[in-house]
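In what follows, a single structure is set out as structure tokens and then discussed.
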Amino acid sequence: MCGSGGAGNAALVVLQLFAGGVVVVLADLLHETGYGVEGVSAASLLIATNACERAVSHLFSPVKLRLAGAGPEFEGPVFAVTHRVAAAPPSWRHKAGALLFTLLRLDLPNLSNYMTTCVMFVLAVRLDETHLRRLYRSRPRRGTDEFVPIKLLYTSAMPIMLHASAVSAFCVLHLHSSGGGGGGFVVNLLGRWKDAGGGAAYPVGGLVYYVTPPSKLLVDPGLIHELLIHSVFVVASCTLLSMAWAEASRSSAREFRTRVIGTGYFVWDETSRRIDRVIAAAAAVGGFAVGGLAVYAGAVGAIGEAGPELLFAVLVIKNLAETFYAKSKLTTTYS
Amino acid sequence: MAVAAAVASARLLARLLPEVEDSSTNAGGVMAVSFRRKVLYTAVSLLVFLVAGELLLYGVQNYYGGGEHDPRYWMNAMSASLRPTVMALGLVPLLYSEMVVHLCMALKIIGVHDDRLPDHRRRL
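Line by line, the protein sequences give chains A and B.
Start counting the first sequence at 1; every next residue gets the next number (this note's numbering).
Start counting the second sequence at 1001; every next residue gets the next number (this note's numbering).
Here it is in structure tokens:
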């Protein structure tokens, strides 16, 4: 991967990567010591920033590509719509055809991807607003009970991120083990790859064919059985990962009880058991909903395969908006 | 002997790197940073991250990764790494260092003494 510079270039590459790591660690430290905005963690903020930067750069990309069989085409849908509608002959039929082509083109990001992204945005915000039934928080004085809402998306978009990361790691390992033509019987049973040039590859058979999202669904309607298998796999794994994450991470039931109820209140045993059951149910239903939303985003084609990443970014943005709204309301109340 | 030399080198390196001071020591334990300043710090951090994500690495041949057919796409998306740039590692230094520290704590190799925070807000 390093060029022909030898040890000097290798040392320079190591220094550059070390500087990048220091920048990331300092950003996280700045956030963790109280100088950042509450409500989201620094890692989630960086992942969401990366996803939004990718989406915006795809939308407004001024790169002009020369496709085979067609004229020059802008990569970004905004410039492509403007260019094609302006360059079409001045009859409504040709301009409508140009608009429809930009809506439905397959090899580059198109406008229907972004319309699906807007629909996914609305659905994710609506899901995040849903709370399960409210629980009681008992104060020492009788008659002053309070309600503690528990979000439906209790584990946010973490199960779909864990699922996508696990599938990607499995694909990378299998791609390396089956490099250089045909391997053994087990390797061929797990999947076969076809080279796509530039270090990329896509699966053409076996297990990796079904665990990866089906691409080009509009071209081949016969892939509906693959879509069904993939949907069941994604939804089931997201549900299981969400329940496991709710148990293992720092948003578990014990941490939730300590953080929300605090140490100054008395909690009945029945309330504790009810909180545990509601958190487990919220994690399962939230994982199911996130998996279904990711399958929908991937099937209809929300910016290629970036459905889970944008779903994660949407939820992070919504948490930031909640923090801003709460702060502005607090400032209004105090002033 | 080698372990002591490694610990001394690590301490020397840690002293050379910059550090973020604790915000609760500014005003006697009270969180003294206003919300507008928090927004400013967060925006500046994200801007630094975005600018570093556009700087190409010197000394590396241009590797065209990413896109829909790259199997490493989701590992890159999960760790917020941009492949041929300074941010090629992404969140990997953050996540793996936290993982290693948690493992050392679980195996009782290192001990953590953190008496600034109350018991229900103890971190790490």
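Yeah, the Cβ is synthetic: ideal placement off N, Cα and C, and Gly gets one too.
Fair warning: this is a prediction, and the values are worked out from it, not measured in the lab.
- Determine the direct distance from the alpha carbon of A/A42 to that of A/K318, and round the result to whole angstroms. Translated into the one-based positions of the first sequence, residue 318 of chain A becomes position 318. Translated into the one-based positions of the first sequence, residue 42 of chain A becomes position 42. Spanning the two alpha carbons is a distance of roughly 15 Å.
- Item | Proximal chain A residues relative to B/L1057, where beta-carbon distance stays under 7 Å | By 1-based counting over the second sequence, the position of residue 1057 of chain B is 57. Here the neighbours are V13, Q16.
- Message: Counting only C-beta atoms, is A/T116 closer than 8 Å to chain B at any point?
- Response: Walking along the first sequence from the start, residue 116 of chain A turns up at place 116. It does not: the Cβ of A/T116 has no partner Cβ on chain B nearer than 8 Å.
- Task: Please decide whether A/V25 counts as near chain B, where near means a Cβ-Cβ distance under 8 Å.
- Result: One-based indexing of the first sequence puts residue 25 of chain A at position 25. Answer yes: the Cβ-Cβ gap between A/V25 and chain B drops below 8 Å somewhere.
- Query: Using a Cβ-Cβ distance under 8 Å, would B/S1045 count as near chain A?
  - Reply: Numbered from 1 along the second sequence, position 45 holds the residue referred to as residue 1045 of chain B. It does: the Cβ of B/S1045 has a partner Cβ on chain A nearer than 8 Å.
- Task: Could you name the residues of chain A that B/V1048 contacts, counting a contact when the two beta carbons are closer than 8 Å?
- Result: Your numbering for residue 1048 of chain B matches position 48 in the second sequence. Here the neighbours are V23, A27.
- Query: Per DSSP, which one or two residues make a beta bridge with A/F312?
  - Reply: Here residue 312 of chain A corresponds to residue number 312 of the first sequence, with the count starting at 1. Paired residues: none, contrary to the question.
- Message: Is there a Cβ of chain A sitting closer than 8 Å to that of B/L1103, yes or no?
- Response: Taking the first residue of the second sequence as position 1, residue 1103 of chain B is located at position 103. Judged by the 8 Å Cβ criterion, B/L1103 is not in contact with chain A.
- DSSP-derived helix/strand/coil call for A/F60: Numbered from its first residue, the first sequence carries residue 60 of chain A at position 60. A/F60 falls in the coil class under three-state DSSP.
- Item | Inter-residue spacing [alpha-carbon to alpha-carbon] between B/A1126 and B/P1093 | A query on residue 1126 of chain B cannot be resolved here, the shown segment of chain B reaching from 1001 to 1124 and no further.
- Please confirm if A/R139 has its CB atom under 8 Å from at least one CB of chain B. Counting from one through the first sequence, the residue named residue 139 of chain A turns up at place 139. For A/R139, the predicted model reports a pLDDT of 48, less than 50, meaning its position is unreliable; a value from the coordinates is still stated below. For A/R139, the answer is no, since every Cβ of chain B falls outside 8 Å of its Cβ.
- Task: Please confirm if A/Y35 has its CB atom under 8 Å from at least one CB of chain B.
- Result: Position 35 of the first sequence, counting from 1, holds the residue named residue 35 of chain A. Yes, A/Y35 lies at the interface with chain B (some Cβ there is under 8 Å from its Cβ).
- Between A/F18, A/A157, A/S91, A/A87, which lies nearest to B/L1013 when the distance is taken from Cα to Cα? By one-based count along the second sequence, residue 1013 of chain B stands at place 13. Comparing Cα positions, the closest option is A/F18.
- Task: Have a look at A/T49 and A/S168 and give me their C-alpha separation to the nearest angstrom.
- Result: Here residue 49 of chain A refers to the residue found at position 49 of the first sequence. Here residue 168 of chain A refers to the residue found at position 168 of the first sequence. Rounded to the nearest angstrom, the two C-alpha atoms are 21 Å apart.
- Item | CA-to-CA distance, A/L240 to A/H94, given in whole angstroms | Indexing the first sequence from 1 puts residue 94 of chain A at position 94. Indexing the first sequence from 1 puts residue 240 of chain A at position 240. Answer to the nearest angstrom: the Cα atoms are 50 Å apart.
- Message: Taking a contact to mean a Cβ-Cβ separation below 8 Å, would you say A/G36 touches A/L30 in this structure?
- Response: Residue numbering aside, residue 36 of chain A sits at position 36 when the first sequence is read from its first letter. Residue numbering aside, residue 30 of chain A sits at position 30 when the first sequence is read from its first letter. Their beta carbons are under 8 Å apart, which means A/G36 touches A/L30 by this criterion.
- Query: Is the shortest distance between the beta-carbon of A/I317 and the beta-carbons of chain B less than 8 Å?
  - Reply: As a working mapping, residue 317 of chain A is identified with position 317 in the first sequence. No, its Cβ sits nowhere closer than 8 Å to a Cβ of chain B.
- Message: One question on the structure: do B/F1049 and A/A27 come within less than 8 Å of each other, judged by their Cβ atoms?
- Response: Position 49 of the second sequence, counting from 1, holds the residue named residue 1049 of chain B. Position 27 of the first sequence, counting from 1, holds the residue named residue 27 of chain A. The answer is yes: Cβ separation under 8 Å.
- Item | Span separating the alpha-carbon of A/F74 from that of A/H83 | As a first step, residue 74 of chain A must be located in the first sequence, where it is residue number 74. As a first step, residue 83 of chain A must be located in the first sequence, where it is residue number 83. Looking at the two C-alpha atoms, the distance is approximately 8 Å.
- Item | Under 9 Å from the C-beta of B/L972: neighbouring residues of chain A | Chain B is shown from 1001 up to 1124; residue 972 of chain B falls before or after that span and cannot be answered.
- Span separating the alpha-carbon of A/V314 from that of A/V63: Taking the first residue of the first sequence as position 1, residue 314 of chain A is located at position 314. Taking the first residue of the first sequence as position 1, residue 63 of chain A is located at position 63. Those two C-alpha atoms are separated by around 26 Å.
- Message: Rounding to the nearest angstrom, what Cα-Cα distance links A/T124 and B/L1055 in this structure?
- Response: Reading the first sequence from its first residue, position 124 is the one you call residue 124 of chain A. Reading the second sequence from its first residue, position 55 is the one you call residue 1055 of chain B. Before going further, note that residue 124 of chain A is Ala rather than Thr in the sequence given. Between A/A124 and B/L1055, the C-alpha separation is close to 33 Å.
- Given that a residue counts as buried once 16 or more other Cβ atoms are within 10 Å of its Cβ, and exposed if not, what is B/M1099? In the second sequence, residue 1099 of chain B corresponds to position 99, counting from 1. Exposed is the call here.
- Query: Mind checking if A/G286 is an interface residue toward chain B, Cβ cutoff 8 Å exclusive?
  - Reply: Stepping through the first sequence from its first residue, residue 286 of chain A is reached at position 286. Cβ-Cβ to chain B under 8 Å: no for A/G286.
- Are A/F60 and A/G76 closer than 8 Å when you measure CB to CB? Reading the first sequence from its first residue, position 60 is the one you call residue 60 of chain A. Reading the first sequence from its first residue, position 76 is the one you call residue 76 of chain A. For A/F60 and A/G76, yes; Cβs fall inside 8 Å.
- Whole-angstrom Cβ separation of A/V234 and A/A297, contact assumed at under 8 Å? What you label residue 234 of chain A is simply residue 234 of the first sequence in a count that begins at 1. What you label residue 297 of chain A is simply residue 297 of the first sequence in a count that begins at 1. Not a contact, Cβ separation roughly 11 Å.
- Where B/G1059 sits in the DSSP three-state scheme: On the second sequence, residue 1059 of chain B is found 59 positions in, with the first residue counted as 1. DSSP places B/G1059 in coil when its eight states are reduced to three.
- Query: Would B/A1052 count as contacting chain A if we go by Cβ distances under 8 Å?
  - Reply: The residue given as residue 1052 of chain B occupies position 52 in the second sequence. Interface residue, yes.
- Reference A/L228; option with closest CA among A/G292, A/S242, A/A96: If you number the first sequence from 1, residue 228 of chain A lands on position 228. That would be A/G292, whose Cα lies nearest to the Cα of A/L228.
- Task: Indicate whether at least one CB of chain A lies closer than 8 Å to the CB of B/L1094.
- Result: Mapped onto the second sequence, residue 1094 of chain B falls at position 94. Yes, B/L1094 lies at the interface with chain A (some Cβ there is under 8 Å from its Cβ).
- Neighbourhood of A/L15 by C-beta distance below 6 Å, restricted to the same chain and skipping five residues each side: Residue 15 of chain A sits at position 15 when you count from the first residue of the first sequence. Nothing listed; no residue qualifies.
- Item | CA-to-CA distance, A/A282 to A/F288, given in whole angstroms | Translated into positions along the first sequence, residue 288 of chain A becomes position 288. Translated into positions along the first sequence, residue 282 of chain A becomes position 282. Cα to Cα, A/F288 sits roughly 10 Å from A/A282.
- What distance in whole Å lies between the Cβ atoms of A/L45 and B/L1046, which are believed to be in contact at a cut-off of 8 Å? For the purposes of this step, residue 1046 of chain B is identified with residue 46 of the second sequence, where counting begins at 1. For the purposes of this step, residue 45 of chain A is identified with residue 45 of the first sequence, where counting begins at 1. With a Cβ gap of about 7 Å, B/L1046 and A/L45 count as contacting.
- Item | Reference B/S1052; option with closest CA among B/G1090, B/V1101, B/K1038, B/V1003 | What you label residue 1052 of chain B is simply residue 52 of the second sequence in a count that begins at 1. In the sequence under discussion, the amino acid at residue 1052 of chain B is Ala, which differs from the Ser named in the question. Residue B/G1090 is the option with its Cα nearest to B/A1052.
- Test: A/L293 CB closer than 8 Å to a CB of chain B: In the first sequence, counting from the first residue as 1, residue 293 of chain A sits at position 293. By this cut-off, A/L293 is not an interface position.
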